[in-house]
Ligand code: GLN
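As structure tokens, this is what we get:
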């Protein structure tokens with residue numbers, strides 16, 4: 083039963099095939115027997131069993147919604163009142179939030195059961211989950227390889243069927259890239275669609291919460307539950323959320339798919355580009371029309387992102403000073419020494435690198451040259467998308483240039499690591515919804531992801547196309563060896 087999707091569990095729970103308590107217990111046991119993946123930072127059996135028995139009561143009374151009693155794992159940067167929130171960092175190792183993130187609260191109200199908190203790159207900075215204070219997560223498809231990042235614990239947990247669904251966050255690709263590398267469906271909604279309240283901030287103008295699951299249909303159900311205006315988040319969008327589930331079944335004939343020349347250039351591994359081309363012909367067979375488009379400023383996305391994200395991070399992470407949250411150095415001579423020692427001990431090397439870059443690009447002498455210039459580039463990148471969407475409904479390409487790479491391969495070369503985001507971070511810069519779905523395997527049996535970028539606030543169309551694709555392909559049904 084562990085390998086089922088959210089909707090399959092939902093049906094089984096309501097049909098009394100098994101109870102939420104039985105399902106939750108099985109999932110917790112499975113997590114323990116797969117501990118070597120290091121997908122979890124914290125398992126929360128007490129909370130889970132309590133929530134499961136509450137869910138069972140609702141199911142018994144016939145008051146269950148589609149998500150009631152379904153176990154899930156949260157990325158460990160969503161604040162949870164009853165379980166610590168570490169953000170993958172030593173500095174928050176002992177931090178317990180006094181409140182739940184809005185996303186956590188909404189899923190709890192929908193009746194979902196929290197199994198625990200997933201491993202991640204420290205403060206969501208990374209593309210491989212190797213930057214966690216709690217050690218790297220392993221990819222269930224090949225334990226010597228990374229699961230992607232920064233939501234790598236969430237991705238590994240779902241791929242190994244430790245949970246049918248997980249939450250993640252995506253600042254530059256951290257839902258879509260691990261979804262691609264682990265053979266999952268993952269969606270980053272439009273900026274503002276899902277509340278950021280209670281999500282530990284990395285780069286506030288780019289961060290978005292979202293979902294990773296086995297199917298795009300499951301993504302639609304969970305996204306429906308977490309979307310919507312939240313007065314506690316001033317950047318939350320006050321607009322009605324469309325019925326994502328209803329639009330899944332619409333035919334996609336006549337939909338126009340834009341292929342950006344820039345996403346099919348050199349540098350994409352052959353098996354990846356081949357799988358993407360084959361996926362595009364599946365979409366064509368389903369009646370979609372293909373047009374060539376241009377995103378001429380794509381090459382600027384990585385440099386632009388890696389100026390703006392660190393700049394925002396250096397401001398956001400100033401709050402971790404040993405006074406208000408988490409870890410404090412045990413020895414210091416005065417208050418300044420306390421700040422310095424706390425931060426030196428509490429942050430890992432990648433976070434320190436970002437904080438230095440961020441402080442540098444915001445400094446008075448370099449602000450115009452870097453930060454202001456990056457903001458201008460951001461506008462050009464967003465304008466490219468607006469123009470492209472005059473010609474098409476959705477933009478398609480590879481999610482990543484390669485499949486999962488070996489643990490340790492890129493840790494000494496930050497630029498190589500940053501290049502993982504080459505196709506993903508422009509959607510964050512433009513605030514657009516985007517998704518990755520399984521679209522094949524390379525010759526080593528590693529999953530490949532198809533990337534779909536939608537118009538602002540049009541999650542429905544990418545979910546619809548993804549679902550129709552999945553009705554005609556079975557890549558999303560493959561299970562890594564040893565986890566069936
Ligand atoms: N890999 C990117 C980074 O390191 C994106 C991270 C994210 O989306 N959280 O910043």
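Residue numbers (my numbering): 83 to 566.
For every residue, glycine included, the Cβ atom is placed at its ideal position computed from N, Cα and C.
The closest heavy atom of the ligand GLN lies 7 Å or more from the beta carbon of residue 523. Remark: C-beta atoms of residue 210 and residue 231 approach each other more closely than 8 Å.
In its chain, beyond the 5 residues on either side, 277, 278, 279 have a beta carbon closer than 6 Å to the beta carbon of residue 315. For residue 184, the enclosing alpha helix (DSSP H) covers residues 184–191.
A residue is called buried once 16 or more other Cβ atoms fall within 10 Å of its Cβ, and residue 248 is buried on that count. Under DSSP, residue 290 forms a beta bridge with 252. Under DSSP, residue 154 takes part in a beta bridge, and its partners are 196. With respect to the 8 Å criterion, residue 159 and residue 130 are not classified as neighbours on the basis of their beta carbons. In the three-state scheme derived from DSSP, where H, G and I count as helix and E and B as strand, residue 533 is classed as strand. For secondary structure counted as the beta strand (DSSP E) over 3 or more consecutive residues, the region 416–492 holds these complete runs in sequence order: 476–480. Taking the CA atoms as reference points, residue 189 sits about 8 Å from residue 304.
Bridge partners of residue 247 according to DSSP: 295.
One thing to note: residue 375 has its Cβ within 8 Å of the Cβ of residue 470. Comparing C-alpha distances from residue 258 to each of 526, 162, 516 shows the shortest one belongs to 516. At a Cβ-Cβ threshold of 8 Å, residue 261 and residue 518 count as neighbours. In the three-state reduction of the DSSP assignment, residue 221 falls in the strand class. Ranked by how close their Cα comes to the Cα of residue 459, the residues 497, 532, 377 have 377 in first place.
Minimum Cα-Cα distance from residue 483 among the listed residues 297, 495, 182, 524 corresponds to 524. Between the region 162–181 and the region 146–154 there are fewer than three inter-stretch CB-CB distances shorter than 8 Å, so the stretches are not counted as touching. Between the region 423–434 and the region 392–410, the count of Cβ pairs shorter than 8 Å is three or higher; the stretches touch. Comparing alpha-carbon positions, the option among 534, 288, 344 lying closest to residue 457 turns out to be 288. By the criterion of at least three beta-carbon pairs nearer than 8 Å, the region 551–558 is not in contact with the region 483–495. Within the region 272–354, the complete alpha helix (DSSP H) segments at least 4 residues long are 298–308, 326–330, listed from N- to C-terminus. For residue 539, there is no enclosing alpha helix (DSSP H), as DSSP gives it neither H nor E. The ligand GLN has a heavy atom closer than 7 Å to the beta-carbon of residue 256. DSSP, read as helix, strand or coil, puts residue 371 in strand.
Non-local beta-carbon contacts of residue 475 in its own chain, meaning distances under 6 Å to residues more than five positions away in sequence, involve 337, 338, 543 in chain order. Straight-line spacing of the CA atoms in residue 462 and residue 299 works out to 33 Å. Residue 275 is classed as buried because its beta carbon has at least 16 other beta carbons within 10 Å across all chains shown. Annotation: residue 237 to residue 83 spans about 19 Å, alpha carbon to alpha carbon.
A distance below 8 Å separates the beta carbons of residue 124 and residue 199. The alpha-carbon separation between residue 135 and residue 501 amounts to approximately 45 Å. Under the DSSP assignment, residue 106 falls in the alpha helix (DSSP H) whose first and last residues are 102–115.
The residue from 286, 270, 492 with its alpha-carbon nearest to that of residue 545 is 270. Of the candidates 183, 172, 142, 173, 183 places its Cα closest to the Cα of residue 157. Here the alpha carbons of residue 205 and residue 282 stand approximately 8 Å from one another.
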